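J.: Residue numbers (the working numbering), protein chains in the order written: chain A, 673 to 1006; chain B, 15 to 338. Think of the CB as a built atom: it goes at the ideal place given N, C-alpha and C, for glycine as much as any other residue. Note that the structure is a prediction, hence the values are computed from the model and not measured.
#1: DSSP state of residue 847 (chain A), grouped into three classes?
#2: Along chain A, in chain order, which residues have C-beta atoms closer than 8 Å to that of residue 175 (chain B)?
#3: Could you tell me how far apart the beta carbons of residue 64 (chain B) and residue 286 (chain B) are, in whole angstroms, since I believe they sit closer than 8 Å?
#4: Helix, strand or coil: how does DSSP classify residue 177 (chain B) here?
#5: So which residues of chain A does residue 22 (chain B) contact, with C-beta pairs closer than 9 Å?
#6: So what's residue 992 (chain A) in DSSP terms, helix, strand or just coil?
#7: Using a Cβ-Cβ cutoff of 7 Å, what residues of the segment 933-951 of chain A are near chain B? List them in chain order.
#8: Can you look up residue 249 (chain B) in the DSSP assignment and give me helix, strand or coil?
#9: Which ranges does the alpha helix (DSSP H) cover as unbroken runs of at least 4 residues, wholly within the segment 83-137 of chain B, from first to last along the chain?
#10: Going by C-alpha to C-alpha distance, which of B:92, B:181, B:42 and B:205 sits closest to residue 155 (chain B)?
#11: Are the segment 734-744 of chain A and the segment 935-955 of chain A touching, with three or more C-beta to C-beta distances below 8 Å?
#12: Between residue 673 (chain A) and chain B, is there a C-beta pair that is closer than 8 Å?
#13: Just the C-alpha distance for residue 925 (chain A) and residue 112 (chain B), rounded to the nearest angstrom, thanks.
#14: Taking DSSP as the reference, what is the three-state secondary structure of residue 204 (chain B)?
#15: Out of A:968, A:988 and A:1000, which one is the CA nearest neighbour of residue 634 (chain A)?
#16: Is there at least one Cβ from chain A nearer than 8 Å to residue 190 (chain B)'s Cβ?
#17: Output needed in chain order: residues of the segment 976-989 of chain A with a Cβ under 7 Å from some Cβ in chain B.
#18: Output yes if chain B places a C-beta closer than 8 Å to the C-beta of residue 777 (chain A); else output no.
#19: Counting only runs that start and end within the segment 753-835 of chain A, where is the alpha helix (DSSP H) found for 4 or more residues in a row?
#20: Could you tell me the distance, in whole angstroms, from the CA atom of residue 963 (chain A) to the CA atom of residue 291 (chain B)?
#21: If you count every other CB in all the chains shown that lies within 10 Å of the CB of residue 169 (chain B), and 16 or more means buried, which is it?
#22: Between the C-alpha atoms of residue 768 (chain A) and residue 61 (chain B), what's the straight-line distance to the nearest angstrom?
#23: Find the residues of chain A that neighbour residue 305 (chain B), judging by a C-beta separation of less than 9 Å, and give them in chain order.
#24: Here's a check: name, in chain order, each residue in its chain whose Cβ is nearer than 7 Å to the Cβ of residue 88 (chain B), leaving out the five neighbours to either side.
#25: Can you name, in chain order, every residue of its own chain whose Cβ lies under 8 Å from the Cβ of residue 782 (chain A), other than the five neighbours on each side?
#26: Give me the residue from A:988, A:808, A:868 and A:791 with the minimum Cα distance to residue 258 (chain B).
#27: For residue 172 (chain B), which of helix, strand or coil comes out of DSSP?
#28: Whether or not the segment 981-993 of chain A and the segment 895-914 of chain A are in contact is what I'm after, with contact meaning three or more pairs of Cβ atoms, one per stretch, closer than 8 Å; do they touch?
#29: For chain A, find out if any of its Cβ atoms is closer than 8 Å to the Cβ of residue 86 (chain B); answer yes or no.
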């Protein structure tokens, strides 16, 4: 029934929450799931509880998690970007192209970030200026961006990135603390502040709940959405720099299928796919959970494709359980 | 004549004709009927899949799991054929339809009974079904030498000068045309997409309609599982990987509105053929196949822009202006 879709859209982000709702919140559920998987991993494999293993684990989710932070804001505002993996591929390809012209490490990073930003702006322009549905636009740009990468590279690959460029994806700041995880933590704080502590973040929630009311309240809906698309593109550019640096090479098929994993992270993190509610803490927890699941199963020699069953089922059950629970409680009169 | 050109299908057909004509100027062999029929045959599977997807999109849903459903069903049918070659192909086709429908019903139940957004459900089953394909086969392939002769031969046979695969597509087009224009189910599908609230007041069970739509898309994906595996004579976990986006692209180019309620069978068939002509023309005019992805991406964006222009006139323009 139509009411089902309406009730699943809870009133978001209340200003003064009672303590009990914090205990039973989505984030707590995710923390419990994360701890359970962590314990299960430790019991299942003797190689898991080890500083270097835990450090390696972070490489599983940091690049996707960085995009998920920005994607969360975009989905809360009621839009979506399916082209992020294609942006990674295009940014990586253009970086490789720049490398052929002798561009150094700072230049490569700049190129990667600029291509990401430009792709995000292109999506944003199409969606906001022409008032097009973002899911279709980004399905189109997904083919377009990766298509350009294929036109440039064909079946070739770019290699030979300078040693200093390898730091971003392979370097350690201190002991087992990688540059990637430091960047992820920093960006998580930035996005948490942006979404939950600024007026810009408020407008993102308002737009997601009711774009028409937002427009009549003086929120510049189209401009905010445009900024969010740019932000998502930029984060895809950042992820592209990290991934290219970590792999040390570029192929046009790089990061294939990442978009679905990023969106899974965001939805698992409690962001409503219909827009209007969600939190950065939830997304960070979901990123960690996905990292734990894939790494733990990897230690047990489970092939990647079988892992995807777990991720898919995790997504469906985590969404379905609260609905079933609510249904059950409403069904039995108090 | 004026009203004729308001239809998107006419414009799309004209665009396809123009493309064929442009290619034919330099390569006349491309525009021969035999060649064009072979393009239709090559893209029969895409046409069938896109029609199933259309029904789902019309109800304001989306099915991202079709290609994974296809891979799973194709593998199940191929493995059955390899293990029991004496089972007739007709029984295998029924089996493919049943498995596909079951997987579609799984999506549909989650959407109908739990009210989970379709994009979330099918994003999950997209990975689950493909993972299940790997578990089912243990990662192994089923090759031509393990498939029975009739399994491979059926769709290659010809009937009235056309390959049987083309007849599968023609029959599907006819069934979907009747379903969407001549049955109450078809009406409910459009109504549920145009205005779900009004549909409920009109006595249409919107949730159940969505469920039926998912069963339809699943059934169609199951059928294509058999068609795909017997056409390319291989069943593997990687079959049709990423194809879900081509299916949606065919719908969008064909004028199906992602917001639901708008789209026709003729439009979707033309949308799939549009992609088919691009795909077949590029090698003929000596463009590297690496261009194909970017060109179809550009075609999708162009199609959405044109669709939006057509829809804008009826839209709530006052609110758009306030928002800008």
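T.: Taking the definition as stated:
#1: Here residue 847 (chain A) corresponds to residue number 175 of the first chain, with the count starting at 1. Coil at residue 847 (chain A), not helix or strand.
#2: Locating residue 175 (chain B) in the second chain gives position 161, where the first residue counts as 1. Result: empty, since nearest Cβ-Cβ is about 35 Å, beyond 8 Å.
#3: Within the second chain, the letter at position 50 stands for residue 64 (chain B). Within the second chain, the letter at position 272 stands for residue 286 (chain B). Yes, residue 64 (chain B) and residue 286 (chain B) are in contact; Cβ-Cβ is about 5 Å, under 8 Å.
#4: Sequence index remark: in the second chain, residue 177 (chain B) carries index 163 (1-based). DSSP places residue 177 (chain B) in strand when its eight states are reduced to three.
#5: Working through the second chain from its first residue, we reach residue 22 (chain B) at position 8. Going along chain A, no residue has its Cβ under 9 Å from residue 22 (chain B), so there is no contact; the nearest lies around 15 Å.
#6: Taking the first residue of the first chain as 1, we reach residue 992 (chain A) at position 320. DSSP places residue 992 (chain A) in helix when its eight states are reduced to three.
#7: 935, 936, 939, 945 and 946
#8: The count along the second chain starts at 1 and reaches residue 249 (chain B) at position 235. Strand.
#9: 103-128
#10: Counting from 1 along the second chain, the entry for residue 155 (chain B) is found at position 141. Of the listed residues, the one whose Cα sits closest to residue 155 (chain B) is B:92.
#11: yes
#12: As a first step, residue 673 (chain A) must be located in the first chain, where it is residue number 1. Any reading at residue 673 (chain A) is ruled out, since the residue's pLDDT is 38, under 50, leaving its predicted position unreliable.
#13: If you number the first chain from 1, residue 925 (chain A) lands on position 253. If you number the second chain from 1, residue 112 (chain B) lands on position 98. Roughly 35 Å separates the two Cα atoms.
#14: Counted from its first residue, the second chain places residue 204 (chain B) at position 190. Correct three-state label for residue 204 (chain B): helix.
#15: Outside the displayed span of chain A (673 to 1006) sits residue 634 (chain A), for which this structure offers no information.
#16: Taking the second chain and counting its residues from 1, one reaches residue 190 (chain B) at position 176. By this cut-off, residue 190 (chain B) is not an interface position.
#17: 977, 978, 980, 981, 983, 984, 985, 987 and 988
#18: Locating residue 777 (chain A) in the first chain gives position 105, counting from the first residue. No, residue 777 (chain A) does not count as interfacial toward chain B.
#19: 756-772, 777-801 and 806-825
#20: As a first step, residue 963 (chain A) is located in the first chain; it is residue number 291 there, counting from the start. As a first step, residue 291 (chain B) is located in the second chain; it is residue number 277 there, counting from the start. For residue 963 (chain A) and residue 291 (chain B), the distance between alpha carbons rounds to 42 Å.
#21: Position 155 of the second chain, counting from 1, holds the residue named residue 169 (chain B). Taking all protein chains shown into account, residue 169 (chain B) has 16 or more neighbouring C-beta atoms within 10 Å of its C-beta and is therefore buried.
#22: The count along the first chain starts at 1 and reaches residue 768 (chain A) at position 96. The count along the second chain starts at 1 and reaches residue 61 (chain B) at position 47. Rounded to the nearest angstrom, the two C-alpha atoms are 38 Å apart.
#23: Locating residue 305 (chain B) in the second chain gives position 291, counting from the first residue. Those within 9 Å of residue 305 (chain B) in chain A are 819, 822 and 823.
#24: For the purposes of this step, residue 88 (chain B) is taken as the residue at position 74 of the second chain. Taken in chain order, the residues that qualify are 239, 240, 242, 243, 249 and 253.
#25: Translated into the one-based positions of the first chain, residue 782 (chain A) becomes position 110. Sequence-distant partners of residue 782 (chain A) (beyond 5 residues in either direction) whose C-beta falls short of 8 Å from its own C-beta are missing from its chain.
#26: As a first step, residue 258 (chain B) must be located in the second chain, where it is residue number 244. Ranking A:988, A:808, A:868 and A:791 by Cα distance to residue 258 (chain B) puts A:808 first.
#27: Locating residue 172 (chain B) in the second chain gives position 158, counting from the first residue. Here residue 172 (chain B) sits in strand by DSSP.
#28: no
#29: Numbered from 1 along the second chain, position 72 holds the residue referred to as residue 86 (chain B). It does not; no Cβ of chain A falls within 8 Å.
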